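Trainee:
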Amino acid sequence: MEGTTILSLILFAALMTGTPGPNNMMVTASGANFGYWRSVPHITGISVGMASMISLLAAGLGIIFERYPIVHDVLKVVGCAYLLFLAWKIATSGGMSKTKQQVNAQPMSIFSAALFQYVNPKAWMMSATAVSTFAVGGEHYWLSITMIVTVFFVVGFACVSLWTATGVVIRCWLTSERRTIRFNQVMGGLTAACVTMIW
Numbered sequence: 001m002e003g004t005t006i007l008s009l010i011l012f013a014a015l016m017t018g019t020p021g022p023n024n025m026m027v028t029a030s031g032a033n034f035g036y037w038r039s040v041p042h043i044t045g046i047s048v049g050m051a052s053m054i055s056l057l058a059a060g061l062g063i064i065f066e067r068y069p070i071v072h073d074v075l076k077v078v079g080c081a082y083l084l085f086l087a088w089k090i091a092t093s094g095g096m097s098k099t100k101q102q103v104n105a106q107p108m109s110i111f112s113a114a115l116f117q118y119v120n121p122k123a124w125m126m127s128a129t130a131v132s133t134f135a136v137g138g139e140h141y142w143l144s145i146t147m148i149v150t151v152f153f154v155v156g157f158a159c160v161s162l163w164t165a166t167g168v169v170i171r172c173w174l175t176s177e178r179r180t181i182r183f184n185q186v187m188g189g190l191t192a193a194c195v196t197m198i199w
């Protein structure tokens, strides 16, 4: 890849992973409720999921979506349903005086966050666009795919970390039961609103 192409890829990855979407809404809420370090597995899982999706699409998985469009539609429905479930969990996570269920609450794991990417239509769109736009043909194909995966992993991790850090900053403001409940309700609502972006 040429320098200008790599720069374009970095800017594309920053735009795709840094703009509002399901992942960023959830990690902001995670940062506010659990802090940055406890949210690192969630952040890492997002990057791992994206990297694996790009690799699978590059290996030919995209052909399935071309031949069987119904698969994409099913993923959309399942993804939206799961996203609404996660939004409900965020919105009802309560305030500072935790119930037993809330005390046992944990941030999303690496595996869960990676798996969520496979029902996240925005992640599929980002991955497919990245491969179709920046992959080069011929003998350098897999080298270019490696570059795409690396850039998305590094840039994505940084951008998602910023959203998580924003949640950590907001956490300082959540000094009362009412504020914490209201914040979680707002973040749950914003996460649910991402469904409209998907459709």
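FYI, the numbering for the sequence shown is 1 to 199, going by the numbering used here. Heads up, the beta-carbon is just placed ideally off N, CA and C, and yes, glycines get one too. All values reported here derive from a predicted model rather than from experimental measurement.
Between G189 and H140, what straight-line distance do the alpha-carbon atoms span, to the nearest angstrom?
Mentor: Here the question's residue 189 lines up with position 189 in the sequence shown. Here the question's residue 140 lines up with position 140 in the sequence shown. Approximately 44 Å, taken between the alpha carbons.
Trainee: Could you work out which residue in C159, G156, V160 and P22 is closest to A81 when comparing CA atoms only?
Mentor: Residue numbering aside, residue 81 sits at position 81 when the sequence shown is read from its first letter. Closest by alpha carbon: P22.
Trainee: Do P107 and F34 have their beta-carbon atoms positioned less than 8 Å apart in this structure?
Mentor: Counted from its first residue, the sequence shown places residue 34 at position 34. Counted from its first residue, the sequence shown places residue 107 at position 107. It is a contact, given that the beta carbons lie within the stated cut-off.
Trainee: Should M125 go down as buried or exposed, given a rule of 16 or more other Cβ atoms within 10 Å for buried?
Mentor: Here residue 125 refers to the residue found at position 125 when the sequence shown is read from its first residue. Under this definition M125 is an exposed residue.
Trainee: Decide if W163 is buried, meaning its Cβ has at least 16 other Cβ atoms within 10 Å, or exposed.
Mentor: Along the sequence shown, one-based indexing puts residue 163 at 163. Answer is buried; the Cβ neighbour count reaches 16.
Trainee: By the DSSP assignment, the alpha helix (DSSP H) with T92 in it spans what residues?
Mentor: Within the sequence shown, the letter at position 92 stands for residue 92. Taken as a continuous stretch (DSSP letters only), T92 belongs to no alpha helix (DSSP H), as it is neither H nor E.
Trainee: Just the Cα atoms here: how many angstroms apart are I54 and I64?
Mentor: Taking the first residue of the sequence shown as 1, we reach residue 54 at position 54. Taking the first residue of the sequence shown as 1, we reach residue 64 at position 64. Going from the Cα of I54 to the Cα of I64 covers about 14 Å.
Trainee: Just reading off the alpha helix (DSSP H) that P121 is part of, what are its end residues?
Mentor: Numbered from 1 along the sequence shown, position 121 holds the residue referred to as residue 121. Start and end: P121 to F134.
Trainee: Have a look at S8 and M50 and give me their C-alpha separation to the nearest angstrom.
Mentor: Position 8 of the sequence shown, counting from 1, holds the residue named residue 8. Position 50 of the sequence shown, counting from 1, holds the residue named residue 50. The alpha-carbon atoms of S8 and M50 are separated by roughly 18 Å.
Trainee: Rounded to whole angstroms, what is the Cα-Cα separation between T44 and G156?
Mentor: The sequence position of residue 44 within the sequence shown is 44, counting from 1. The sequence position of residue 156 within the sequence shown is 156, counting from 1. Spanning the two alpha carbons is a distance of roughly 9 Å.
Trainee: Is C80 helix, strand or coil when you go by DSSP?
Mentor: In the sequence shown, the residue the question calls residue 80 occupies position 80. DSSP places C80 in helix when its eight states are reduced to three.
Trainee: Have a look at T5 and F134 and give me their C-alpha separation to the nearest angstrom.
Mentor: Within the sequence shown, residue 5 is the residue found at index 5, counting from 1. Within the sequence shown, residue 134 is the residue found at index 134, counting from 1. Answer to the nearest angstrom: the Cα atoms are 8 Å apart.
Trainee: For V77, which option in A114, L11, W88 and N120 has the closest C-alpha, if you only look at C-alpha atoms?
Mentor: For the purposes of this step, residue 77 is taken as residue 77 along the sequence shown, with counting starting at 1. Ranking A114, L11, W88 and N120 by Cα distance to V77 puts N120 first.
Trainee: With burial defined as no fewer than 16 other Cβ atoms inside 10 Å of the residue's Cβ, what is the status of T17: buried or exposed?
Mentor: Working through the sequence shown from its first residue, we reach residue 17 at position 17. Looking at its Cβ environment, which holds 16 or more other Cβ atoms inside 10 Å, T17 is buried.
Trainee: For M29, count neighbouring Cβ atoms within 10 angstroms of its own Cβ and tell me buried if that reaches 16, exposed if not.
Mentor: Locating residue 29 in the sequence shown gives position 29, counting from the first residue. Residue identity differs from the one stated: residue 29 is Ala in this sequence, not Met. Counting Cβ neighbours within 10 Å, A29 comes out buried, since at least 16 surround it.
Trainee: Determine the direct distance from the alpha carbon of I46 to that of G60, and round the result to whole angstroms.
Mentor: Translated into positions along the sequence shown, residue 60 becomes position 60. Translated into positions along the sequence shown, residue 46 becomes position 46. One C-alpha to the other measures close to 21 Å.
Trainee: Between which two residues does the alpha helix (DSSP H) carrying Y36 extend?
Mentor: Reading the sequence shown from its first residue, position 36 is the one you call residue 36. Residues Y36 to L56.
Trainee: Helix or strand or just coil, what does DSSP make of C172?
Mentor: In the sequence shown, the residue the question calls residue 172 occupies position 172. C172 falls in the coil class under three-state DSSP.
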